[in-house]
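Position one of the sequence shown corresponds to residue 50 (this note's numbering), numbered consecutively onward.
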Amino acid sequence: MKLRKVVSVVGAGNVGEHTASLLALRGLVDVRMFDLPKRDGERLIEPVKGKALDIQQMLSALNIDGKVEGYTVSPDGEGYSALEGSDIVVITAGFPRKPGMSREDLLEKNIGILRVTAGKIREYAPDAIVIVVTNPVDLMTYAVYRLLGFEKNKVIGMAGVLDSARFKTFISR
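Written as structure tokens, this is what we have:
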């Protein structure tokens with residue numbers, strides 16, 4: 050019997066790493082982070098493992114109980130078996146929007162990533178709640194919902210908080 054809930058964060062870039070850190074700091078869940086390897090000259094490195102270790106050591110320094118693990122995955126979907134047992138999966142993986150890029154450009158780039166990710170969630174975490182953060186969030190959430198085939202109350206898009214924070218900042222100035 051599992052004592053703590055498990056939240057898996059797919060994509061350990063800026064948003065994913067911060068999401069994992071904030072989840073871990075609460076001390077309520079165990080966190081699993083997933084990301085692709087990076088190329089460093091001739092060799093591949095696994096920064097997600099270092100990021101997870103940094104967060105784990107931060108928890109130790111703050112006397113917070115929790116477990117944070119990093120898993121390197123491949124673009125074709127190898128390495129996702131650690132999704133098994135996840136109660137929640139947060140998808141932050143994707144290309145960032147660059148100047149001059151349209152939402153359609155971003156959609157085309159990110160749909161391939163989410164297609165693989167959704168397949169692995171369906172395989173290893175069929176009972177999980179899925180939170181989509183990848184942009185464009187509205188379209189990506191619908192795509193993930195269709196790809197997973199889960200009930201609609203189990204696939205959630207997360208963009209309103211950011212929009213609200215931006216709005217509050219704008220009107221406060």
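Cβ coordinates follow ideal geometry from the N, Cα and C atoms, glycine included. These numbers come from a predicted model, not from an experiment.
Report all residues from its chain with a CB closer than 7 Å to the CB of Gly126; omit the five preceding and five following residues, and keep chain order.
Val165, Gly168, Lys169
Using the C-alpha atoms, what's the distance from Pro175 back to Arg255?
Given that the chain is displayed from residue 50 to residue 222, the structure contains no residue 255 and the question cannot be resolved.
Are Ala142 and Ile162 close, meaning C-beta to C-beta below 7 Å?
yes
Just verifying my parser: in three-state terms, what is the DSSP assignment at Arg92?
Here Arg92 sits in strand by DSSP.
Whether or not the segment 97-112 and the segment 57-75 are in contact is what I'm after, with contact meaning three or more pairs of Cβ atoms, one per stretch, closer than 8 Å; do they touch?
yes
Quick check on this structure: which residue in Glu200, Thr121, Val122, Leu102 has the alpha carbon closest to the alpha carbon of Gly115?
Leu102
Are the beta-carbon atoms belonging to Ala208 and Val179 less than 7 Å from one another?
no
Specify the secondary structure class of Asp79 as computed by DSSP and reduced to three states.
strand
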